Structures are given as structure tokens and as C-alpha cells.
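Taking it in order: structure first as C-alpha cells, then the write-up.
Residue numbers (the UniProt record's numbering): 1 to 237.
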């Protein structure tokens, strides 16, 4: 007997895994629509899928926000069922030999800015803007850009007015804003600064602070921060 979720979704092959658990291809047995199914052990120390499901509910209806199909507990797992999406922008960038035209980058920028603006309008920050977290749609939505949601990254922006220092680096160092490197609590501007670094990455093929060597993760973060400060706008572009 095939594994089923909520007597509605058939569990298929494994697509990948992450900090939350594993993700599988699924099929709606009533409509034959393919979906993505995330599984997280109910015994996990830091559960994410419940919070992630709440984020999807809050953000539902926004352009480029995947649809939440179902969330609940099945056996030993928390289960989240959402739209199946296509390749990430990092995947496409590599497929295109790490070269994108200015026109393509501008078209992507338009959609990326709109996605970030939408979550900000709902009083959330993303805190991990990077190519891997934007995915293309499938089928009739193949030209539409979607934002990947992670329960542990999003943060209510109503609290960002406070000036808080000595925070641990949240997100990906390559695209982190300067305030993030300095340990200052993030705000909407930091998402936009990270987005700017992503667009530079697409235009240049790489960023000046990639490939830096260091003995520890902290030393590497410090080197990246120093390189960002010392790199002129002209070199970045």
C-alpha cells in the first residue's frame, strides 16, 4: 500500500532534505496534481513546520507565495503540503553557465523586489535573501518567481525599531548586510541590501568576497565583512 497523507496525498520519491527534515514529491489522489510534501519528526528538538505553516496562512494570496495545501500530524511526523515549484535561481544561474544578461537580471529584480515588499507589508522580514530561496514556478506559472519560506528565518518587523547589538549572524554571510555583520538587529533595509548583493552576483558571476580562506567561521565572517567595507561601488558593479 502506498504511503498517504491525510488520505489525500500520495507520497512519492524524495526530493531533498534540510534542517527541518525531508521533502518529497507528492500527488493529490483526487486531482493528480503534483505537490511538495515536507516531513519533520515530531521528536525534533527545534520544530519548524508548525511556524512555517502559520507563515503560509498569513501570507496566502500574495503573488509568488506558494499555496499551503495541508498541515498536520501523520504518525511520527509533522507534515506540510505546499505547491511543487521548479528550479531555484541558483540552479538556473549555474545552468546558464553563471552568466545572466542585464535584461534578465532586471526582470528577476522586478519580481524579487515585489516579493520582498509583500512580506514587509505583512510586517515580516526574510533575513536570508539568496538565490536558493527564490524558485521558478512550473507549467503555466513557469515565468513567475516564488519565494521560499522557512519558519526559522522570518521575523516580525514590528520589533526592528529597537537598536540591538551583538546579535549572531542570521542568514548567509555572502549576501549579509553590513549591519548583520556588525551584530545589529536587522530591519527591512537589510533584506534590500542583501537583495542588492544577489543582483550584483548575477551581473558579475561572483562577488569579490567569495572564496576567502580562514581558520574559523567567525574569522571568515570577519574577512567577508572587511572585504565588503573596502570594496568600492565601481568594483562591485
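Every residue, glycine too, gets a C-beta built ideally from N, C-alpha and C. No experiment lies behind these values; they were computed from the predicted model shown.
**OP:** With a threshold of 16 other CB atoms inside 10 Å of the CB of residue 38, please say whether the residue is buried or exposed.
**Re:** buried
Subject >> residue 173 beta carbon less than 9 Å from that of residue 221 >> reply: yes
Original post:
Three-state secondary structure (DSSP) at residue 21?
Top reply: strand
Original post:
Of the residues 6, 219, 80, which one's Cα is nearest the Cα of residue 30?
Top reply: 6
Original post:
Who are the near neighbours of residue 138 in its chain, counting only those whose CB is closer than 6 Å to its CB and skipping five residues on each side?
Top reply: 86
Subject >> Supposed close pair residue 66, residue 82 - CB separation, criterion 8 Å >> reply: 5 Å
Original post:
If you follow the beta strand (DSSP E) that residue 72 is part of, which residue opens it and which one closes it?
Top reply: 68 to 74
Original post:
Cα-Cα, which of 224, 214, 50, 121 is closest to residue 62?
Top reply: 121
Subject >> Beta-carbon contacts of residue 130 that lie in its chain and below 8 Å, excluding the five residues immediately before and after >> reply: 90, 171, 172, 174, 175, 194, 198
**OP:** Rounded to whole angstroms, what's the CA-CA distance from residue 49 to residue 21? Just pull it up for me.
**Re:** 9 Å
Original post:
Tell me which same chain residues have a C-beta within less than 8 Å of the C-beta of residue 70, skipping the five on either side of it?
Top reply: 5, 6, 8, 9, 79, 80, 81
**OP:** Take residue 115 and list the residues in its own chain whose beta-carbon comes closer than 7 Å to its own, dropping the five residues that flank it on each side.
**Re:** 64, 145, 147
**OP:** Would you give the residue range spanned by the beta strand (DSSP E) that residue 114 belongs to?
**Re:** Segment 102 to 121 is the alpha helix (DSSP H) holding residue 114; no beta strand (DSSP E) there.
Subject >> Option in 136, 215, 125, 127 with minimal Cα separation from residue 107 >> reply: 136
Original post:
What are the residues that DSSP puts in a beta bridge with residue 78?
Top reply: 40, 73
Original post:
Would you call the CB atoms of residue 150 and residue 133 closer than 9 Å?
Top reply: yes
**OP:** Quick one: measure Cβ to Cβ for residue 3 and residue 11, integer angstroms, because I've assumed they're closer than 8 Å.
**Re:** 4 Å
Original post:
Of the residues 205, 224, 202, which one's Cα is nearest the Cα of residue 212?
Top reply: 224
Subject >> Own chain, CB closer than 7 Å to residue 88, minus 5 neighbours either side, in chain order >> reply: 131, 132, 134, 135
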